[in-house]
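Quick notes on the structure that follows.
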Amino acid sequence: MWEIRRRWGGGGFYPAVVRDLLALPKAHLHVHLESTVRPGTLAEFAARYGVVVAPVPSRFRGFRDFADRNSVVRGCVRSAEDFRRVAVEFCADEAAQGTRYAEVTFTAASHGDRVGDPGMPLAAVVDGLRVGQREHGIVVRLILDHSRRRPVGRLERTVELACRYEEVVGVGLAGDEAYPLAPFAPVLRAARSAGLRLVHHAGETAGAASVREAVEVGGAERVGHGFRAVEDREVVAMLTDRAIPVEVCVSSNAVLGLVGSVAEHPLPDLVAAGVVVTVNTDVPDVTGRSLAAEYGVLRSVFGWDDDAVAGVARAGVAASFAPEPLRRELLAGIEAWRR
Ligand SMILES: [Zn+2]
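For the sequence shown, my numbering begins at 300 and goes up steadily by one.
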């Protein structure tokens, strides 16, 4: 649990405790299931279906470049057993990095259209998550996303699918944020009335105005990414006034070419401005970073101490849609980690 590192300081030689980030109980709020497929599993699927998947570049030429490769990866997951396996392996890999609760995003209706069986992908994923949660001692819930480029009718089908399983806690818009959110607003309101939570991607590929749109037009209770809110002081004020958390994914933004580098990411500015910041992976298959590794970035790149790291872990739990007893348990676990 503890790694003891010796270092010089204060004129003496003393042990400094470096707390193990794997042991920090973490809530993972922004990660796409299709972007968690293990390299070995993907290679197996690709070989079986005769698909050639391009290697991951060190840096994509923007979101579209990433999305093109990502659609090839998604196309490698076809049978119910494939979807089920990806879900079980997700639970194993998350549990191994100290994630105790995850809300994983899945584009259920899109996969259903692709494989010609509307309900199969989600049913198989739910089945896999039930097995994985039991085997690996983790709690996982689902958020179904819908690309803004796709028709409103598919969002309606997404909401219908979401209502089938208690494991699905929310729905949200994703994809290219240049597409307006307004056409989807009536369906989103209906989803909220049906008890689903709303979490939209915004402020990733589009600017601060998209964050305002996600909240004011789309009813977002959390914002996926949202880092470009820093471009507009009034949008930052809106987030802080309403205590709307943002799901920051530092390495993803760097690898997709949306920020110059990890070190140039405005995460510290968001925190300094009082925005509720949570830390997430988004697309670990292309960043190569687990959630624990993303927390490691807070230390190694931004120079955070353990109190600050514990603070962002608490924010993740508080911003989650986990049931209250689990939230209390995780918060107590974070306090125990700090002591
Ligand atoms: Zn995302």
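Virtual Cβ for every residue (Gly too), placed ideally from N, Cα, C.
- In this structure, His-327 has its CB at a distance of at least 7 angstroms from all heavy atoms of ligand 1.
- Nearest to Ala-473 by C-alpha distance, out of Gly-525, Arg-377, His-435 and Ala-612, is Gly-525.
- Relative to ligand 1, Thr-406 has its C-beta separated by 7 angstroms or more from all heavy atoms.
- Taking 8 angstroms as the cut-off, the beta carbon of Ala-507 is found closer than this to the beta carbon of Glu-530.
- In this chain, the beta strand (DSSP E) harbouring Val-522 covers 521 to 524.
- Here the region 433 to 444 makes contact with the region 404 to 422; the two share three or more CB pairs at distances below 8 angstroms.
- Leaving aside the five residues that flank Gly-502 on each side, the residues in its chain whose CB is nearer than 7 angstroms to its CB run, in chain order, Ser-509, Val-510, Val-522, His-524, Gly-525, Phe-526, Arg-527 and Ala-528.
- Here the alpha carbons of Ala-422 and Asp-392 stand approximately 21 angstroms from one another.
- Here Ile-633 carries a helix assignment [DSSP, helix/strand/coil].
- Shortest gap from the CB of Ala-473 to any heavy atom of ligand 1: under 7 angstroms.
- Per DSSP, the unbroken beta strand (DSSP E) holding His-329 starts and ends at 325 to 331.
- A straight line joining the alpha-carbon of Glu-434 with that of Phe-362 spans about 35 angstroms.
- A check of alpha carbon separations from Val-574 across Arg-598, Arg-532, Gly-349 and Gly-518 identifies Arg-532 as the nearest.
- Shown here for Leu-321: same chain residues with a beta carbon closer than 7 angstroms to its own, the five before and five after excluded, namely Gln-396, Gly-397 and Ala-591 in chain order.
- Around the beta carbon of Ala-571, fewer than 16 other beta carbons lie within 10 angstroms, which makes this residue exposed.
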